[in-house]
Amino acid sequence: MAALKEKARSVLLKELGAAMGWEKVILLIATLSSQVWQRVLKWQDIHRAAKTWELELQWAIRYAKRRSAEAEIYRLALAAAVHYVWRERNRRVFQQVLQSVDTIMKQVIQEVYYRGSKKAKVARWQGG
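Each number in the numbering used here comes from the position in the sequence shown (counting from 1) with 298 added on.
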């Protein structure tokens with residue numbers, strides 16, 4: 299059953315990619331993720347430009363290793379941003395429904411607050 303689902307998904311994606319043009323799909327995701335990530339960094343008071351995915355990942359690995367509340371919030375924000383950008387990608391590709399970057403940011407922030415409130419170090423953190 300799982301193999302059949304995967305085969306159907308693969309065929310659907312190939313047809314969708316051919317119809318839309320994979321270049322457009324990739325550009326759409328790259329643009330959206332860059333806009334969201336730049337806003338996430340600003341929200342966390344991290345003053346630097348968003349980088350390529352490879353450089354961003356290297357920076358994240360170094361920064362997120364820390365055990366501070368700020369690093370924990372960064373990890374939560376990274377996970378939430380990836381999750382909501384991917385959901386938006388699916389919405390746009392499969393349902394032709396669009397959300398604004400502001401709406402996605404609200405979802406990311408809500409997720410960080412919710413998950414952060416369950417972690418003692420983050421819940422105690424006062425910022426600054």
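Positions of the beta carbon are idealized from the N, C-alpha and C atoms, including for glycine.
Answer yes or no: do Val406 and Ala378 have a C-beta to C-beta separation smaller than 8 angstroms?
yes
Round the Cβ separation of Ile387 and Val395 to the nearest angstrom and send it over; I've been treating them as touching at under 8 angstroms.
The sequence given here places Arg at residue 387; Ile does not occur at that position. In fact, because the Cβ distance is near 11 angstroms, the residues do not count as touching under 8 angstroms.
Using three-state DSSP, classify Ile327 as helix, strand or coil.
helix
Kindly say whether Asp343, judged by its beta-carbon, lies nearer than 8 angstroms to any beta-carbon of chain D.
Looking at the structure shown, chain D is missing, and only one protein chain is on hand.
Given a cut-off of 8 angstroms on the beta-carbon distance, is the pair Lys349 and Trp357 in contact?
yes
Quick one: grab the DSSP three-state call for His345.
His345: coil per DSSP, three-state reduction.
On the three-state DSSP scale, how would you describe Ser332?
helix
Does the separation of the CB atoms of Val383 and Ile402 fall below 8 angstroms?
yes
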